[in-house]
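Under the numbering used here, think of the first position of the sequence shown as 3, with each following residue one higher. Each residue gets a CB set at the ideal place from its N, CA and C atoms; glycine is no exception. Treat the numbers as computed from the prediction; the structure is a model and nothing was measured. Have a look at the structure below, then the notes.
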Amino acid sequence: MGDDAGQPDWGLLPNQPQRFFELPAGFDRRTLKRAYNRLIRRYKPETHPDEFQRVRAAFEQLDQMLRYGGDAVGADPSTASQADWETPGGADGTETLLDDRAPDAEAEPPPQQLELYQRVAQESPAAIYAEIERQPVKSPYDYFALAVLSDVCGPDDGLRFARWLLEGMRTHPSDGHLARLFQAYLRGPLPAGARQGLLIEAAEAIHRDAFYPITEAAWDALLRDETLDVFVETLRRCEAQLRDVGITGKMVFYIRMLRPAQWRAASAGPAAAAWVAEALDFVESNFEHIPDEFEFEVDLLAYSQEYQQRRGEFVAGSELRGRLDRTLEAYFCLEPPAGDGAFIEEQLRIALDAATLLDAFPVGAQDASAAAFFPLWEYASVEVATRALPEQRDDEIDYQLWAGRARALLVQLEAKSDGSNTGQFWNFSGLLLRLAQGAAYIGIFTVVFTLVITTVLALEYARDVSALLVGVPLGVGVGVFAAFFAGRLCSRLLLDRVYHPFCQRMAKRCYRVLWRRDTLDLLGRSRLPFRVFRDLVAHQATDQISTSHWVSSLVSGDYALAMYALAQRHVV
């Protein structure tokens, strides 16, 4: 990026974010995120705050364009000349955020002789302001001039700049410069308590689909700084002003807002909680209108909804679980630098305290709350690592080396269990099983043989000794036949109803006491992604190592190991 040994060309911002990220024509969100992640791994907020903010702003500009179906991004209006403002649709001739109505032809006055900055240098700003304000017909540029001059002309509540822009947008609803300037204004700091009222005024001025992308940044901030109740009340008042709103734009907005809103619903009032449920139902019922790239984000909302239903159960499990829950909430509710920072801090704590992690996620219990929690934690971990760490490539893994070490681990665990009292008792139980199976065959044969002989001897025509010549062969045949089929059935029942549950209990006990810590130690030394480690163990499991299949099965379902592997990526 740029000419200086990989340095980005900062001169391309804010007007040309696509060139800044070196994105090809027709780029998608995945390509954009990769380019963005490469830069913010370099310009981290804690070391390069100014550069990070510029990169973040450029990313949000392009990301919003893609999410709302835009096909171009106009230039920064504050850098445009007066002549540029008079170009329909923006200085670069592209479509605008408010492009559903034709420009107002009667609102274009003759071009001024001097640029505004030239007039300000020669005349009184207050006089220029009063002159433009008196004009019966004002161009978009006139409203821009009034907004700028209002900051220096008389008392101001901090919102006169925004209100002149809104007035211009009412008069010229198709002007892209005013829309983008107002959008940029909402991304910045606003006077205390002003955001809620300004959003309502914006809805009255815009009242169309463009309201959502133009004001999205302000809604993000409102949801962070105020309660969910305030957010929902303000949104309902705004949406009551909107007309001709399409489904897709509204869904994109709702998907964005629901990510933090779901986490705030637990502490909100009934009306706010009801809005969350309504919004989720709206998204789900209109799923066919969602672009393909949003399908995973909708799935993420479903995962979050499932976790919210079990959140209390999960948090009650241990102190660590409560901390993990708070970290996940910070990730979804705070701005990326703060949310990522909290997440990385918690990952480092996990990596340095594996014992507490193992205790918080015991093996063997049916833990539906952990099953609901883990997909969200994994998603957040991957996203944060993607932004903060170098890309992890599978082709850099020495699979042969770690396959051998995985096999050595299984052999080691087998020997360790064989040398323990638990393992010896488990092995002895196998001998008992064989004896029980043999006893079942013999017992069934004996019972059937005796019944046949007794029946034959009881018959009147078979009371002499010669009846034995008929009864014994018949008893043996029927007994063998019965023992073969009934014995197999009993043997299967013993395996399924008694021995396999017993082995599961013994395997879980061995895993907790003997196997788990050694497995975690190898995982930590390997620094492998959990899915790779899990698959290596599964591929090395063999009947020659009798406990290996149990080890593989328990490793696959161990949330603590999976979380430990995710945390290890952050350890330098």
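I need the boundaries of the alpha helix (DSSP H) containing T217, first residue and last residue. Position 215 of the sequence shown, counted from the first residue, corresponds to residue 217. Note, T217: alpha helix (DSSP H), F213 to D227.
If I measure Cβ to Cβ from S419 and keep anything under 8 Å in the same chain, skipping five residues before and after, which residues do I get? If you number the sequence shown from 1, residue 419 lands on position 417. G425, W428, C512, L516, W517 and T549, listed in sequence order.
Considering Cα atoms alone, identify which of A564, A562, W221 and R536 is closest to H551. As a working note, residue 551 is residue 549 in the sequence shown. Measuring from the Cα of H551, the nearest candidate turns out to be R536.
In angstroms, rounded to a whole number, what distance separates the CA positions of A569 and L556? Along the sequence shown, one-based indexing puts residue 569 at 567. Along the sequence shown, one-based indexing puts residue 556 at 554. The alpha-carbon atoms of A569 and L556 are separated by roughly 20 Å.
Quick one, are the C-beta atoms of A234 and W265 less than 8 Å apart? Here the question's residue 234 lines up with position 232 in the sequence shown. Here the question's residue 265 lines up with position 263 in the sequence shown. In the sequence as displayed, the identity of residue 234 is Val instead of Ala. Cβ atoms of V234 and W265: not closer than 8 Å.
So S577 is in the alpha helix (DSSP H); what residue range does that whole segment cover? Given that the chain is displayed from residue 3 to residue 574, the structure contains no residue 577 and the question cannot be resolved.
Within 10 angstroms of the Cβ of H174, are there 16 or more other Cβ atoms? Answer buried if so, exposed if not. Counted from its first residue, the sequence shown places residue 174 at position 172. That one is buried.
Inspect the beta-carbon positions of P215 and Y381 and report whether they are closer than 8 Å. Taking the first residue of the sequence shown as 1, we reach residue 215 at position 213. Taking the first residue of the sequence shown as 1, we reach residue 381 at position 379. No, these two residues do not count as a Cβ contact at 8 Å.
For S269, count neighbouring C-beta atoms within 10 Å of its own C-beta (all shown protein chains included) and say buried if the count is 16 or more, exposed if not. Numbered from its first residue, the sequence shown carries residue 269 at position 267. Looking at its Cβ environment, which holds fewer than 16 other Cβ atoms inside 10 Å, S269 is exposed.
Relative to the alpha-carbon of P47, which residue among G170, G341 and M259 has its alpha-carbon at the smallest distance? Within the sequence shown, residue 47 is the residue found at index 45, counting from 1. The option with the nearest alpha carbon to P47 is G341.
What's the C-alpha gap between N423 and L491? Here the question's residue 423 lines up with position 421 in the sequence shown. Here the question's residue 491 lines up with position 489 in the sequence shown. Each residue's Cα considered, the two are about 32 Å apart.
Continuous alpha helix (DSSP H) assignments of at least 4 residues falling wholly in the segment 332-364: 338-354 and 356-362
Give the C-beta separation of L563 and T521 to the nearest angstrom, bearing in mind that I take them to be a contact with Cβ-Cβ under 8 Å. Stepping through the sequence shown from its first residue, residue 563 is reached at position 561. Stepping through the sequence shown from its first residue, residue 521 is reached at position 519. The Cβ separation is near 7 Å, so the contact holds.
CB contact flag (S161, P193, <8 Å): The sequence position of residue 161 within the sequence shown is 159, counting from 1. The sequence position of residue 193 within the sequence shown is 191, counting from 1. One detail in the question is off: residue 161 reads as Leu in this sequence, not Ser. Yes, the pair counts as a contact, with Cβ atoms nearer than the cut-off.
How big is the Cα-Cα spacing for T221 and H179? For the purposes of this step, residue 221 is taken as residue 219 along the sequence shown, with counting starting at 1. For the purposes of this step, residue 179 is taken as residue 177 along the sequence shown, with counting starting at 1. It should be noted that the sequence gives Trp, not Thr, for residue 221. Cα-Cα distance, rounded: 21 Å.
Using only alpha-carbon positions, find the residue among L282, E416, L497 and A387 that is nearest to L437. Residue numbering aside, residue 437 sits at position 435 when the sequence shown is read from its first letter. Selected option, being the one with the closest Cα: L497.
Taking P19 as part of the alpha helix (DSSP H), name the residues at either end of that continuous run. Mapped onto the sequence shown, residue 19 falls at position 17. That run of the alpha helix (DSSP H) goes P19 to F22.
Using a threshold of 8 Å, state whether the C-beta atoms of L183 and R210 are closer than that. For the purposes of this step, residue 183 is identified with residue 181 of the sequence shown, where counting begins at 1. For the purposes of this step, residue 210 is identified with residue 208 of the sequence shown, where counting begins at 1. Contact flag unset, no.
Under 8 Å between the Cβ atoms of R312 and A370? Position 310 of the sequence shown, counted from the first residue, corresponds to residue 312. Position 368 of the sequence shown, counted from the first residue, corresponds to residue 370. In this structure, A370 lies closer than 8 Å to R312 by Cβ.
Using C-beta distances below 7 Å, list every residue in its chain close to T358, excluding the 5 sequence neighbours before and after it, in chain order. Indexing the sequence shown from 1 puts residue 358 at position 356. Hits under 7 Å: L322.
Below 8 Å between beta carbons: does that hold for N1 and M253? Any property of residue 1 remains undetermined from this structure, which presents the chain solely from 3 to 574.
Taking only three categories from DSSP, how would you classify G479? For this step, residue 479 is matched to residue 477 along the sequence shown. Helix at G479.
Residue environment, T329, which counts as buried when at least 16 other CB atoms sit within 10 Å: Along the sequence shown, read from residue 1 onward, the residue named residue 329 stands at position 327. So T329 ends up on the buried side.
Relative to the alpha-carbon of R246, which residue among F363, A205 and V154 has its alpha-carbon at the smallest distance? In the sequence shown, residue 246 corresponds to position 244, counting from 1. Here the sequence assigns Asp to residue 246, which means Arg is not the residue at that position. It is A205 whose Cα lies nearest to the Cα of D246.
Under DSSP, the alpha helix (DSSP H) around K140 begins and ends at which residues? Taking the sequence shown and counting its residues from 1, one reaches residue 140 at position 138. Segment: none, K140 is in no alpha helix (DSSP H) and carries neither H nor E.
Spatial neighbours of E295 in its chain, beta-carbon cut-off 6 Å, leaving aside the 5 residues before and after: Within the sequence shown, residue 295 is the residue found at index 293, counting from 1. Cβ within range, chain order: R31.
Please report the straight-line C-alpha distance between A267 and R261, rounded to a whole angstrom. Residue mapping note: residue 267 aligns to position 265 of the sequence shown, counting from 1. Residue mapping note: residue 261 aligns to position 259 of the sequence shown, counting from 1. So the alpha carbons of these two residues sit roughly 11 Å apart.
Check whether the Cβ atoms of A408 and L538 lie closer than 8 Å to each other. Residue 408 sits at position 406 when you count from the first residue of the sequence shown. Residue 538 sits at position 536 when you count from the first residue of the sequence shown. Using a Cβ distance threshold of 8 Å, A408 and L538 count as a contacting pair.
Ordered along the chain, which non-local residues of its own chain (more than five positions away) have a Cβ less than 6 Å from that of D177? Taking the sequence shown and counting its residues from 1, one reaches residue 177 at position 175. The residues are P142.
In chain order, each alpha helix (DSSP H) run of at least 4 residues that lies wholly inside the segment 136-200: List check, alpha helix (DSSP H) in window: 142-152, 162-173 and 178-189.
State buried or exposed for A318, treating a residue as buried only when at least 16 other CB atoms are found within 10 Å of its CB. Along the sequence shown, one-based indexing puts residue 318 at 316. Exposed, since its Cβ has fewer than 16 Cβ neighbours within 10 Å.
Quick check on the DSSP output: the alpha helix (DSSP H) that includes E29 runs from which residue to which? Translated into the one-based positions of the sequence shown, residue 29 becomes position 27. Note that residue 29 is Phe in the sequence shown here, rather than Glu. Run containing F29: none; DSSP gives neither H nor E here.
Spatial neighbours of V386 within its chain, please: CB distance less than 6 Å, with the 5 preceding and 5 following residues excluded, ordered by chain position. Taking the sequence shown and counting its residues from 1, one reaches residue 386 at position 384. Counting only Cβ-Cβ distances below 6 Å, and skipping sequence neighbours, we find D342 and F345.
Considering only C-alpha positions, which residue in the set Q439, P10, Q349 and A540 is nearest to W379? Here the question's residue 379 lines up with position 377 in the sequence shown. Closest by alpha carbon: Q349.
Exposure of A567, with buried meaning 16 or more beta-carbon neighbours within 10 Å: Position 565 of the sequence shown, counting from 1, holds the residue named residue 567. Buried: at least 16 other Cβ atoms inside 10 Å.
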